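The structure appears right after this line, and notes come after that.
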Amino acid sequence: MTAIADAGEVPLALRLRRAERMRRMKALALVVPLLLFLLFTFLVPIAGMLWRSVDDWEVAQVLPRTVAALGAWDGRDLPGEDAYAALAADLRQAYAERTVAVAAKRLNYAVNGFRTLLMSTARAIRDVPEPGAARATLAAIDPAWERRETWAAIHGARGPVTDFYLLAALDLRRDADGAVIGAPADQSIYRSVFARTFGIGLGVTALCLLLGFPVAYLLATLPARTSNLLMIFVLLPFWTSLLVRTCAWIVLLQSQGLVNDALRWTGAIDDPLRLIYNRTGVFIAMTHVLLPFMILPLYSVMKAIPPAYMRAAASLGAPPAVAFVRVYLPQTVPGVGAGCLLVFILAIGYYITPALVGGAGDQMISYFIAFYTTETVNWGLASALGAVLLAATLLLAVVYGRLVHGPSTTGGLKT
Amino acid sequence: MDGGIPVATDTLVRFAGVQKTYDGEHLVVRNLDLDIRRGEFLTLLGPSGSGKTTTLMMLAGFEVPTEGEIILDGRPIKDMPPHRRGIGMVFQNYALFPHMTVEENLAFPLSVRKLPKAEIRERVAAALAMIKLEPLARRRPGQLSGGQQQRVALARALVFNPQLVLMDEPLGALDKRLREHMQLEIKHIHESTGITVVYVTHDQGEALTMSDRIAVFNDGVIQQIDRPDELYERPVNSFVANFIGENNVLSGTVEAAGEGLCTVRLDAGGAVTALPVAVNGRGARTALSVRPERVRLYREGETPAEPNALPATVLDTIYLGDHSLAVLEAAGNPEFMVKLPPGVRLDLRHGQPVTVAFRPEDCRALDPIRQP
């Protein structure tokens, strides 16, 4: 090695960094538009959603004095007179500013009937209560103010952040003492909805794998011309909208639909089968929609497995079935993993298809997210459900990464 | 190749009237009759598309002959699936299973034969020792160099003691030095195990180095099957003469034939005496074949000792280290090459008139070269 950096010259390492910096800047410039696009259409909305699932601003904004007065409250007994006085003052002001409903809606999530309590109390407080008589005044309006749970609800919703929505999304809540407990049975629905969502996702994934694997194998082994033609049929569903395809299934599967009519005409059945507005319909329609997402990664992996491997296995004495199981199948694992992950993640986020072809008991988590977003405008709970779904999906992606890319020592011997 | 001819000459494989077509129009292999002797190293040599790989694949069982029969060890195997033939095979890109370690790759043919675990371990260890790769037993193929992968592929094809091993251009992906090393290693394994090897290559140097016999393929037909020295010294037609080694071609017409020699009138003028090999007597068109090392160069004023002498003009000289080549224009051939022995001074100028001379027995009158 000769010393390239002479005295007075810029050191070699620095020059290398400068040269590399130019290259990096160029590379960055190429991806900046996409990065910005993703930032504003993807990352910012997701961050916003995640924030909404813990954001708790309503009570702190509408009842600021009450929240301040409860600051030192230990939660064991009823709060002191100053808290009652602060609440009375807050409610009077909020009533004048017409903001009571905002806080009432939030508190009603925590305790059923709180909306009525707060609204009627705000209406009833005309004058500032005598000093020292705030508690008596409020208790006279509604005895609920003499209950610890009422105040605990206000204290729990003081903000600025809360785990209330996230706990609710998992059928959990905090009791008056702040301990996490399970929600009453008649209000517990999300765990079973998540279980149903993952169950349907798993079922659809299994069906797609079962149907897609042989097709992908056929596509990968046929001559290019035939396989290209068949590939068009695989991709055909992508050329029509999801809604149209789902509605087509309704036409096909309903009791007077083509499938039932055909079956009755052949005499296979007497009464129409219930194929739609139940779990069967959900499985059929979702499997159809998601099948290409299974076939494509499988196909691309299988296409890269040279036929020489199967020939080598045969020449070494392995019958076709043994060669398939011991040589071919293990090499398709990355494709199986990618296809299953893709289909499962897409499936658990499905909304339109189960909403159209499923019954009341087949609705998946997205239906409830949409319901809370558009119907009841409970964005906190909608966001929390979304956050749980996102967490589950990320967890899966990590597990997949560990499973498939962990022993990444297959080497580049694919050509 | 002294002593390289196997003593046992009984036939292990017989191709009888085998034909193969893929598209129903063109025969890739036509009327192949070929006997492979037990224990020999037979190379199928030829340009791409000559039918040599198809022949190998039919023997391995991956292609079915359109016509004819293949007999392995006395049994017809046309309808026998590849996994029951018990033929080892080394593939062009090795086809080592990427998801298995070296050990597992070597154990594969034994475990599908359901051998006892202890025996599998023993034979895998022996195979690893043979290729000297014991330290790499737990590696996967992707972590090995090309030469190491090649050795594993070889060991895997041999580990279940087949009586026949097929090799499909196994050294094609290696660099020159490693290729030469592996040629010797394969040859050594062949000699020490006594196994029958059928080797496909388009590299004539490889074929000459390793083989007991070489079958030269072209157009789906074996042009000549012979020992390497016979093939080089005594090619029976123009294709073999041109495909193996350097060759000078002079075209002409047979003028007179007799006493084991014939006189050929060259198209460019002049006549030479040649050995008739593939000519049909007087008036026949012929392509004369003269090896560059069989030609001597004479300067102006020198008298050639050989009967055949032709005037030539120097075009170029090429220094190749161990020898030199003079490229001349002679008898209408603008690429007439003469091999100059080492030590000969290269003081030939471009355009210098010289004389080339060769003996009649070094000049073989072969079939005329077809104009493409």
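Protein sequences appear in the order of chains A and B. First residue of the first sequence: 1, per the numbering used here; consecutive thereafter. First residue of the second sequence: 1001, per the numbering used here; consecutive thereafter. Glycine included, every Cβ here is placed at the ideal spot set by N, Cα and C. This one's a predicted model, so the numbers in the text were calculated from it and none came from an experiment.
For a contact meaning CB atoms closer than 9 Å, what does residue i contact in chain A?
i         : result
B/GLY1112 : Here residue 1112 of chain B is Val; the residue named in the question, Gly, does not match the sequence. Chain A residues near B/VAL1112: ALA313, LEU316, GLY317, ALA318, PRO319, VAL322, ALA323 and ARG326.
B/GLY1088 : SER315 and LEU316
B/ARG1156 : ALA312 and LEU316
Starting from residue i, find everything on chain A with Cβ-Cβ shorter than 7 Å and list it in chain order.
i         : result
B/HIS1083 : ALA314, GLY317, ALA318 and PRO319
B/ALA1060 : SER315
B/ARG1121 : Going along chain A, no residue has its Cβ under 7 Å from B/ARG1121, so there is no contact; the nearest lies around 18 Å.
B/PRO1109 : LEU316 and GLY317
Could you say which of the options lies nearest to residue i if we only look at CA atoms?
i         : options                                       : result
A/TYR190  : A/GLY201, A/LEU389 and A/GLY401               : A/LEU389
A/ALA285  : A/LEU316, A/ILE250 and A/TRP265               : A/ILE250
A/ASP77   : A/ASP177, A/ARG23 and A/ALA101                : A/ASP177
A/ILE181  : A/GLN61, A/VAL327, A/LEU167 and A/ARG135      : A/LEU167
B/GLY1351 : B/ASN1093, B/THR1011 and B/PRO1334            : B/PRO1334
B/GLU1329 : B/THR1317, B/ILE1318 and B/THR1313            : B/THR1313
A/ASN228  : A/ILE348, A/TYR299 and A/LEU28                : A/TYR299
B/LEU1158 : B/GLY1146, B/LYS1176, B/GLY1281 and B/LEU1128 : B/LEU1128
A/PRO306  : B/VAL1356, B/GLN1092 and B/ASN1031            : B/GLN1092
B/PRO1141 : B/HIS1099, B/LYS1176 and B/ARG1156            : B/HIS1099
B/LYS1052 : B/ILE1214, B/ASP1079, B/PRO1353 and B/ALA1126 : B/ILE1214
B/PRO1170 : B/ALA1095, B/HIS1190 and B/ASN1247            : B/ALA1095
A/ASP142  : A/THR116, A/PHE37 and A/ASN278                : A/THR116
A/VAL100  : A/ALA83, A/ALA216 and A/ALA122                : A/ALA122
A/VAL215  : A/PRO129, A/VAL44 and A/VAL234                : A/VAL234
A/LEU296  : A/GLY335, A/ASN278 and A/TRP57                : A/GLY335
B/ILE1036 : B/ASP1362, B/GLU1103, B/THR1355 and B/ILE1070 : B/ILE1070
Using a C-beta to C-beta distance shorter than 8 Å, which residues of chain A count as neighbours of residue i?
i         : result
B/GLY1281 : Residues of chain A passing the Cβ test: none, with the nearest at roughly 49 Å.
B/PHE1160 : LEU316 and GLY317
For the beta strand (DSSP E) holding residue i, just list the boundary residues, first then last.
i         : result
A/GLY182  : 180-182
B/GLU1069 : 1067-1072
B/LYS1020 : 1011-1021
B/ALA1326 : 1324-1330
A/VAL204  : No beta strand (DSSP E) contains A/VAL204, which is instead part of the alpha helix (DSSP H) from 190-221.
So which residues on chain B does residue i lean against when the C-beta distance must stay under 8 Å?
i        : result
A/ALA308 : PHE1091, GLN1092, ASN1093 and ALA1095
Please report the distance separating the alpha-carbon of residue i from that of residue j.
i         : j         : result
A/ALA3    : A/LEU14   : Bear in mind that the predicted position of A/ALA3 carries a pLDDT of just 49, short of 50, making it too unreliable to give a figure here.
A/ALA397  : B/HIS1026 : 53 Å
A/PRO354  : A/VAL377  : 22 Å
B/HIS1202 : B/LEU1072 : 25 Å
A/ALA179  : A/ASP171  : 14 Å
A/ASP270  : A/THR280  : 19 Å
B/LEU1164 : B/ILE1244 : 26 Å
B/ALA1060 : B/VAL1198 : 11 Å
B/SER1238 : B/VAL1264 : 16 Å
A/VAL31   : A/LEU16   : 23 Å
B/PRO1372 : B/THR1055 : Residue placement at B/PRO1372 is flagged as unreliable, the pLDDT there being 49, under the threshold of 50; the coordinate-derived value follows with that caveat. Whole-angstrom Cα-Cα distance: 26 Å.
B/ASP1010 : B/GLN1149 : 34 Å
A/ALA314  : A/VAL322  : 9 Å
B/ARG1227 : A/LEU403  : 55 Å
A/LEU252  : A/MET231  : 24 Å
A/THR415  : B/ARG1138 : The pLDDT assigned to A/THR415 is 30, lower than 50, so where the model puts this residue is not dependable; a value taken from the coordinates is nonetheless given after this. So the two alpha carbons sit approximately 22 Å from each other.
A/TYR400  : A/GLY337  : 7 Å
B/ASP1033 : B/ASN1242 : 23 Å
B/ASP1002 : B/MET1210 : With a pLDDT of only 41 at B/ASP1002, under 50, the local geometry of the prediction cannot be trusted, and no value is derived from it.
A/MET25   : B/PHE1108 : 51 Å
B/PRO1006 : B/GLU1040 : Model confidence at B/PRO1006 stands at a pLDDT of 43, short of 50, so the residue's coordinates are unreliable; what they give is reported in the following sentence. If I take the Cα positions, the gap works out to 6 Å.
B/ASN1105 : B/PHE1160 : 12 Å
How is the alpha helix (DSSP H) around residue i delimited, first residue to last?
i         : result
A/TYR367  : 365-370
B/ASN1242 : 1238-1243
A/TYR351  : Segment: none, A/TYR351 is in no alpha helix (DSSP H) and carries neither H nor E.
A/ASN108  : 100-110
B/ASP1229 : 1228-1233
A/SER227  : 224-235
B/ASP1033 : Looking at the DSSP string, B/ASP1033 is not in any alpha helix (DSSP H); the run it does join, the beta strand (DSSP E), is 1027-1037.
B/ILE1195 : Neither: B/ILE1195 is in no alpha helix (DSSP H) and is coded neither H nor E.
B/LYS1052 : 1052-1060
Would you check whether the ligand GDP has a heavy atom nearer than 6 Å to the C-beta of residue i?
i         : result
B/ALA1256 : As for the ligand GDP, it is missing from this structure, which has no ligand bound.
Quick one: any contact between the stretch 317-332 of chain A and the stretch 221-238 of chain A, if contact means 3 or more CB pairs under 8 Å? no
Are at least three pairs of beta-carbons, each pair with one atom in the stretch 251-271 of chain A and one in the stretch 303-316 of chain A, less than 8 Å apart? no
Does the stretch 57-68 of chain A come close enough to the stretch 80-99 of chain A to have 3 or more Cβ pairs within less than 8 Å? yes
For the stretch 1035-1047 of chain B and the stretch 1209-1223 of chain B, state whether three or more C-beta atom pairs, one from each stretch, are separated by less than 8 Å. yes
Given 8 Å, three or more beta-carbon pairs between the stretch 93-101 of chain A and the stretch 35-54 of chain A: no
Quick one: any contact between the stretch 355-365 of chain A and the stretch 231-240 of chain A, if contact means 3 or more CB pairs under 8 Å? no
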